[in-house]
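Just so you know, numbering that gives the first Met the number 0 puts 199 at position 200 of the sequence shown, and the rest follows in order with no gaps.
We put the beta carbon where it would ideally sit given N, CA and C, even for glycine.
Heads up, the thing below is written out as C-alpha cells.
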Amino acid sequence: MKQDNQTVASAHSSPFKNVKEVEANARSRMDKVLADLQGEMAHFRTGRASINLLDSVRVEYYGSPVPLNQVAQLHVPEPALITVQPWDTSTIREIEKAIRQADLGLNPSNDGKIVRVPIPPLTEERRRDLAKKLSHFAEERRVNLRNIRRDANDHLKKLSKDKLISGDEERQALESIQKLTDGQIAKLDQVAKAKEKEILEFK
Numbered sequence: 000m001k002q003d004n005q006t007v008a009s010a011h012s013s014p015f016k017n018v019k020e021v022e023a024n025a026r027s028r029m030d031k032v033l034a035d036l037q038g039e040m041a042h043f044r045t046g047r048a049s050i051n052l053l054d055s056v057r058v059e060y061y062g063s064p065v066p067l068n069q070v071a072q073l074h075v076p077e078p079a080l081i082t083v084q085p086w087d088t089s090t091i092r093e094i095e096k097a098i099r100q101a102d103l104g105l106n107p108s109n110d111g112k113i114v115r116v117p118i119p120p121l122t123e124e125r126r127r128d129l130a131k132k133l134s135h136f137a138e139e140r141r142v143n144l145r146n147i148r149r150d151a152n153d154h155l156k157k158l159s160k161d162k163l164i165s166g167d168e169e170r171q172a173l174e175s176i177q178k179l180t181d182g183q184i185a186k187l188d189q190v191a192k193a194k195e196k197e198i199l200e201f202k
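Put into C-alpha cells, the structure is as follows:
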C-alpha cells in the first residue's frame, strides 16, 4: 500500500526540476507540431509540381511496399511535371500502378525507361476543398500548441507548489510560455496563409 501512495505522490509532482527544463520541453514539442503541419502541407497538391507530392506512394518491390524515392529518382523538369526514373526498369509498371492507386488524382505514363507524371490544374472547387482541409489541419495544430502551453503551465504550478521555484519565477515563466505560444501560433498562421495563397492562386 505504501508503494501505491508513493506512486500517487510522484504522479502529482512535475518530472521537471526547473523552469528551463519546462520551457525546453514545451519549445521542442511545439517545434514538432509545426514540423508535422509542414510535412502534411507538402502533400497538398496545388497545381505546382513537387516531388513531395509522391511521399505517400509505396511501390511493391520484391514483395514489400517501399517508398517511391527508394526505387527511383524523382525530378521536376517543369512546373507541371514530375519525372520518375527507376533504378531498375523492371519496376516501371509497379511504379506507374502505385502512383495511379495512391488516390492523388494523378495519371502517370511511361515510355519503358521513365514515368512521367503530369500535374493537372486544380478546379476552383478542388482549390476551395483543399483550402478548407488546410484550415482544419491548421486549427488542429493551434489546439495542440495551446494544449502544450497548458501542460507547461501545470508543470510550473507544480514546481512552485513543491517549492522548487518562487512565486516570482513562476509568474515570469508563465509569461515566457505565453510568449512562446503566441510566437509559435503566429509562425503557424504565417505558414498556413502562404500555403492557402499558393492553393488558391497558382494557375
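| Check | Outcome |
| --- | --- |
| Who are the Cβ neighbours of Asn109 in its own chain at under 6 Å, not counting the five residues just before and after it? | Ile91 and Glu95 |
| If we ignore side chains and look at the alpha-carbon of each, how far apart do Glu169 and Leu155 end up? | 6 Å |
| Tell me whether Ala185 is buried or exposed, calling it buried when 16 or more other Cβ atoms sit within 10 Å of its Cβ. | exposed |
| When you compare each of Ala79, Glu20 and Ser134 to Ser49 by their alpha carbons, which one comes out closest? | Ala79 |
| Could you tell me the distance, in whole angstroms, from the CA atom of Ile98 to the CA atom of Asn106? | 8 Å |
| Pull the bridge partners of Ala71 from the DSSP assignment, please. | Pro85 |
| Pick out whichever of Pro76, Ala191, Ser27 and Val75 has its Cα sitting closest to the Cα of Ser134. | Ala191 |
| Any idea if Asp3 is buried or exposed, counting beta-carbon neighbours within 10 angstroms, 16 or more meaning buried? | In this prediction, Asp3 scores a pLDDT of 34, lower than 50, which makes its location untrustworthy; the coordinate-derived value is nonetheless stated afterwards. So Asp3 ends up on the exposed side. |
| Going by CA-CA distance only, name the one from Asp150, Asp167 and Asn51 that's closest to Gln37. | Asn51 |
| Taking the C-alpha atoms as reference points, what is the distance between Asp54 and Ala101? | 10 Å |
| I need the boundaries of the beta strand (DSSP E) containing Arg57, first residue and last residue. | Arg57 to Tyr60 |
| Is Ala151 near Val70, with beta carbons less than 7 Å apart? | no |
| Just reading off the beta strand (DSSP E) that Ser13 is part of, what are its end residues? | No beta strand (DSSP E) holds Ser13; DSSP gives it neither H nor E. |
| Just verifying my parser: in three-state terms, what is the DSSP assignment at Arg115? | strand |
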